[in-house]
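2 protein chains.
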Amino acid sequence: MMDKDSFRSIQSIGRTQLIDELMEHATFEKSSVLQSSGDDTAVLEDRDSYQLLTSETFMEGVDFDLTYFPLHHLGYKIAVAAVSDVYAMNGHPEVVLVNLAVPNKISVDMLKEIYKGIEAASKDFKFQIVGGDLTASHQILSASISCYGTVTKDLITYRKGARKNDAICVTGDLGGAIAGLRILMREKKYWEEKEEQQSFEPDLAEYEYVVKRQLVPIARKDVIDKLDELNIIPTSMIDITQGLVSELKHLANASEVGAHIYGATIPISLKTRHVADEMKEDVDKYALYGGEDFELMFTLPEDDVEKLTDEFSDFAVIGKIIDREEGVKMQQAEGDMILFDDPEDD
Amino acid sequence: MMDKDSFRSIQSIGRTQLIDELMEHATFEKSSVLQSSGDDTAVLEDRDSYQLLTSETFMEGVDFDLTYFPLHHLGYKIAVAAVSDVYAMNGHPEVVLVNLAVPNKISVDMLKEIYKGIEAASKDFKFQIVGGDLTASHQILSASISCYGTVTKDLITYRKGARKNDAICVTGDLGGAIAGLRILMREKKYWEEKEEQQSFEPDLAEYEYVVKRQLVPIARKDVIDKLDELNIIPTSMIDITQGLVSELKHLANASEVGAHIYGATIPISLKTRHVADEMKEDVDKYALYGGEDFELMFTLPEDDVEKLTDEFSDFAVIGKIIDREEGVKMQQAEGDMILFDDPEDD
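So this is what it looks like as structure tokens:
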């Protein structure tokens, strides 16, 4: 039997440390690989461009719940999660591979719904589905998408590269996806109770915005196209999948800088605020730790901020890059300063 | 509730038909994509070379059983399954992405064992591990590997391309992997009984060859290197992952030809025969339908067969390409002919 003391659970160490420990076993190196793990995608050298590779896995019961997640939306969302990483390198997706592990409860037509969702994303984000793998599964549906993309060499934008005094910018608004999840989980509970009590069918119309943020998130191709049109190359960029704080630490660590953000400037939709109020929860926590918004965070010199502001309104400046020793911190509306300490461990 | 009559189960239609139906939803096309699904990998246009993309998913309880599958070997085998598809295009792997969905029962050190196995494969087959995704899972370990490889343009070998009278060649020997699985499943049963009865510990030494074929299969880089050295480009090629019959049908369909093979010429190890005898099973079935041998099947004109025979011994000619109308068939040692009918459906 296993010695219990020697069992280091995966939950007991941070995700970043876990990936670092695993990548110690990636010792065989190819000269064409410019970036392995540690950014939104892997980066390979080509001639005029770099090749970008990334993948995402969604597990039933962990990343989605089929009782409220339509299969069409599931396919769309997994594709968005994969291509969002490519946009975060300032690149564009080319093709994806779709791997599905499918339990008996899923029919051919249900599987097609997932593919239709991926197809809808393929049209929105201009990539081709080129194959993948299908395998049987006991009970749980598992889906993963690998995306191959490209970026012109002089446009590539890593997490590293942020410089002191750069403005920290965030697109769209944050916390909507977790607010939508809260609503869907509450509806699921209602629905389960209704099974016994035959009570009312709740109306989701007033929560449409946040529910869509959870079920049908958008990857920010429009932002990448706009930056390109204006000849603006961010000094660093990352997509917000794990919540603002986590991604801000990733960006600051990779760039070896600190960050000072202002809580009051974090973009949060009124609709997201209403959900938090209804749930008696702190909306700032939704925005800071919620994740799955798939918005982009990037850093720009002051001049470029003005240039972008003139042409594009769907972003906010939430703070600026400071010296590394000053850490990653947030000034709250009331004036208190929160230090997101231990920046190496998230 | 779901109408039961409308539930087409995935088992009720063939894998090939299922993939065809799903790929109907891959309507957005990029001009750079030369081959989507329908071969061992997807193929993308580059300048002097083609880019190859493929992925494999392994689910606990379906593709492996942790009671007898060491995690190190599991990592190695999944990597072999992915790179084998790249060799089947006459290409070489460059990098892989590793996606793991991990339940609580797996510790950090167990996860590292999987990575060490992938690392061992990375040294044998010269690819770099460049990242991937880690997610939590309920109960079941799921692992998928996506591989990116390249092939010089004039060397690429598709499933299509086999011509009438070409020799059908197979590397190594077949049926060993399924023989190994039979032994491991029997040992598992012994072991489960031993838990109650405290009986003997069975010795696997005499089954070492077949057990290794199951747990630590080899991708045939050596064959690809030898073909290159001898300037031989097969007219068509496929790797044998689902059993000889299934792959022969894939190759014949893609090439729009028939195939005539001779049962007596199919390479089968004596060690595999011994296991089949012990199990009172038909060893030909192991070779024809067993799968997971990761050997290569390719077609060559007669002249190239002689050239290869002079320099390389680890392959066998098992038949020849015939007209499509004649079908895909096998002549047995006793003279009977088996027609593997309905070649469109496997």
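Just so you know, the sequences run in chain order A and B. Going by full-length UniProt numbering, the first residue of the first sequence is number 1, and it counts up by one from there. Going by full-length UniProt numbering, the first residue of the second sequence is number 1, and it counts up by one from there. Cβ atoms here follow ideal geometry from the backbone N, Cα and C, with glycine treated the same way. Computed from a predicted model, the values in this text were never measured in an experiment.
Alpha carbon of residue i to alpha carbon of residue j, nearest angstrom
i	j	result
LYS116/A	ASP133/A	17 Å
ASN104/A	LEU18/B	14 Å
ILE322/B	ALA316/B	18 Å
LEU141/A	ILE78/A	13 Å
SER137/B	THR57/A	10 Å
CYS147/B	ALA42/A	12 Å
ILE218/A	THR241/B	38 Å
VAL210/A	VAL83/B	42 Å
LYS126/B	MET337/B	43 Å
ILE145/A	ARG182/A	26 Å
HIS92/A	VAL86/A	6 Å
ASP310/A	GLY61/B	57 Å
LEU22/B	GLU45/B	24 Å
LEU53/B	TRP191/A	43 Å
ILE156/A	ARG324/A	24 Å
ILE318/B	VAL223/B	17 Å
LYS303/B	SER31/B	A small correction: the amino acid at residue 303/B is Asp; Lys does not occupy that position in the sequence shown. If you take the alpha carbons of ASP303/B and SER31/B, they lie about 37 Å apart.
GLU113/B	HIS73/B	9 Å
ASN99/B	LEU97/A	13 Å
LEU288/A	GLU256/A	21 Å
LYS189/B	TYR158/A	52 Å
ARG15/A	GLY131/A	30 Å
ASP239/B	CYS169/B	11 Å
Closer than 8 Å to chain B by CB, residue i
i	result
ARG8/A	yes
TYR148/A	yes
ASP20/A	no
ASN253/A	no
ASP133/A	yes
GLU192/A	no
LEU288/A	no
MET59/A	yes
residue 348/A	With chain A represented from 1 up to 346, any question about residue 348/A goes unanswered, as that position is not in the structure.
VAL83/A	no
LEU52/A	no
Residue i - partner residues in DSSP beta bridges
i	result
VAL95/A	GLN128/A and TYR148/A
ASP222/B	Per DSSP, none; premise fails for ASP222/B.
THR171/A	PHE315/A
GLY258/B	ILE322/B
VAL43/B	GLN35/B and LEU52/B
THR57/B	SER144/B
LYS329/B	HIS260/B and LEU339/B
ASP133/A	ASN99/A
PHE64/A	GLU60/A
PHE298/A	CYS169/A and MET237/A
SER107/B	SER9/A
Element boundaries [beta strand (DSSP E), containing residue i]
i	result
ASP293/A	Run containing ASP293/A: none; DSSP gives neither H nor E here.
SER236/A	236 to 240
Below-8 Å beta-carbon distance, residue i vs any chain A residue
i	result
GLU45/B	no
ARG15/B	yes
GLN128/B	yes
ILE322/B	no
PHE294/B	no
SER55/B	yes
GLU119/B	yes
SER246/B	no
ALA26/B	yes
TYR76/B	no
ILE140/B	yes
ILE106/B	yes
PHE200/B	At PHE200/B, the pLDDT of 49 sits below 50, so the modelled position is not reliable; the number obtained from the coordinates is stated separately. Output row for PHE200/B: interface = no.
Run of the alpha helix (DSSP H) containing residue i, from where it starts to where it stops
i	result
GLU29/A	It is not in any alpha helix (DSSP H) - GLU29/A carries neither H nor E in the DSSP assignment.
HIS73/A	71 to 87
ASP277/B	270 to 279
GLU208/B	208 to 215
LEU288/A	283 to 289
Any chance the region 35 to 49 of chain A sits against the region 106 to 115 of chain B, with 3 or more Cβ pairs inside 8 Å?
Flag = no, the region 35 to 49 of chain A and the region 106 to 115 of chain B do not touch.
Whether or not the region 257 to 267 of chain A and the region 326 to 333 of chain A are in contact is what I'm after, with contact meaning three or more pairs of Cβ atoms, one per stretch, closer than 8 Å; do they touch?
Enough Cβ pairs lie closer than 8 Å, so yes.
Please determine if the region 159 to 166 of chain B and the region 118 to 130 of chain B are in contact, where contact requires at least 3 C-beta pairs separated by less than 8 Å.
Proximity of the region 159 to 166 of chain B to the region 118 to 130 of chain B falls short of the contact definition, fewer than three beta-carbon pairs being nearer than 8 Å.
Does the region 178 to 192 of chain A come within contact of the region 272 to 283 of chain A, defined as at least 3 CB pairs closer than 8 Å?
Taking one beta carbon from each stretch, the region 178 to 192 of chain A and the region 272 to 283 of chain A have 3 or more pairs nearer than 8 Å; the two touch.
Check whether the region 226 to 239 of chain B touches the region 290 to 301 of chain B, counting contact only when three or more Cβ pairs, one atom from each stretch, lie closer than 8 Å.
Touching, yes, given that three or more Cβ pairs across the two stretches are closer than 8 Å.
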